[in-house]
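*Asks:*
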Amino acid sequence: MSNNNTMSRRKLLGGVALVGAASAGAGAGTYAYISDDGEAAFSFQAGSIILKINPETVGFTSSSDTSGDQDDGDEMIEEIALSNHGTLDANVLQLSNLGLSGPQDLRAGATVTTFEFTAPDETTFDLPTDQSLAELESSVNNSPLSLDNGEMEPVLEPMGDVGTLRIGITYDYEVVTTNGGMLEVDFGFTASQ
1 MSNNNTMSRR KLLGGVALVG AASAGAGAGT YAYISDDGEA AFSFQAGSII LKINPETVGF
61 TSSSDTSGDQ DDGDEMIEEI ALSNHGTLDA NVLQLSNLGL SGPQDLRAGA TVTTFEFTAP
121 DETTFDLPTD QSLAELESSV NNSPLSLDNG EMEPVLEPMG DVGTLRIGIT YDYEVVTTNG
181 GMLEVDFGFT ASQ
């Protein structure tokens, strides 16, 4: 029995050429199968949104007499006016940052009782209440809070009327031990198209 495993050069080159052609055909077919093209329309506007906040910081003062059987404090309400002095509509308006400064017991003992945004068209949007200012700070700083629940467009028009954020708190004098202390709240907002 003889072992004749020789292959001619012509057969070898033909086989390599056949494998190369098959690979190229498979690659082209795969490319045609998975490729696609399309068109999208975009529009760009030049302009600005300049958000004016008045005031940027509000303060809540605790009672100077917390001795004895004093009832919890009366509600203290502050208002922040928001307006757009730019040239583009502000279609998205968010409370994006809330900073607290003051004694820790005031932060923990201040319960948010009123929290609402009134748009320039007088539509009022209720925001979350029944939490401490410290809890609200943590919540807002982790996830910005939409002031209009995504329901209005635009929220603030350029050089238009003012929107108002109202926040009211009461102090729980079983938690608050600071006499006559001041809790300051800094507000940061984000506006975009």
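Each residue of the sequence shown is one higher than the one before, starting from 1 at the first, in my numbering.
The beta-carbon is built from N, C-alpha and C at its ideal position, and this holds for glycine as well.
1. Does the distance from the CB of G59 to the CB of M152 come in under 9 Å?
2. Examine chain D for any beta-carbon lying closer than 9 Å to the beta-carbon of E39, and answer yes or no.
3. How would you call N84, buried or exposed, if buried means at least 16 neighbouring beta carbons within 10 angstroms?
4. Enumerate, from N- to C-terminal direction, the unbroken alpha helix (DSSP H) stretches of 4 or more residues contained entirely within the stretch 77-163.
5. Check G168 in the structure and name its three-state DSSP category.
6. Return helix, strand or coil for S192, following the three-state DSSP convention.
7. Taking 9 Å as the cut-off, decide whether the C-beta atoms of G168 and E56 are in contact.
8. From the DSSP output, in three-state form, read off V58 for me.
9. Taking its Cβ as the centre, do 16 or more other Cβ atoms sit within 10 Å of P154, making it buried, or is it exposed?
10. At the level of alpha carbons, what is the spacing between L18 and E39?
11. CB P144 to CB L95, shorter than 9 Å?
12. Have a look at G150, R107, S48 and flag the residue whose alpha-carbon is nearest the alpha-carbon of V176.
13. What is the C-beta distance between L93 and F189, in whole angstroms, given that I count them as a contact (C-beta under 8 Å)?
14. Could you give the C-beta distance for L156 and L82, rounded to a whole number, given that I count them as a contact under 8 Å?
15. State yes or no: is the C-beta of L127 within less than 9 Å of the C-beta of L147?
16. Can you tell me which of the three DSSP states Q70 falls into?
17. Take A191 and list the residues in its own chain whose beta-carbon comes closer than 6 Å to its own, dropping the five residues that flank it on each side.
18. Evaluate V185 with the Cβ neighbour count: other Cβ atoms within 10 Å of its Cβ, from every protein chain shown; 16 or more gives buried, anything less gives exposed.
*Replies:* From the atom records:
1. no
2. Among the chains of the structure shown, chain D does not appear; only one protein chain is present.
3. Label assigned to N84: buried.
4. 104-109, 133-142
5. strand
6. Strand at S192.
7. no
8. strand
9. So P154 counts as buried.
10. 39 Å
11. yes
12. Of the listed residues, the one whose Cα sits closest to V176 is R107.
13. 7 Å
14. 7 Å
15. yes
16. Confidence in Q70 is poor, its pLDDT being 38 and thus under 50, which makes the residue's placement unreliable; the coordinate value appears in the next sentence. The answer is coil: DSSP assigns Q70 none of H, G, I, E or B.
17. I49, L51, A90, L93
18. buried
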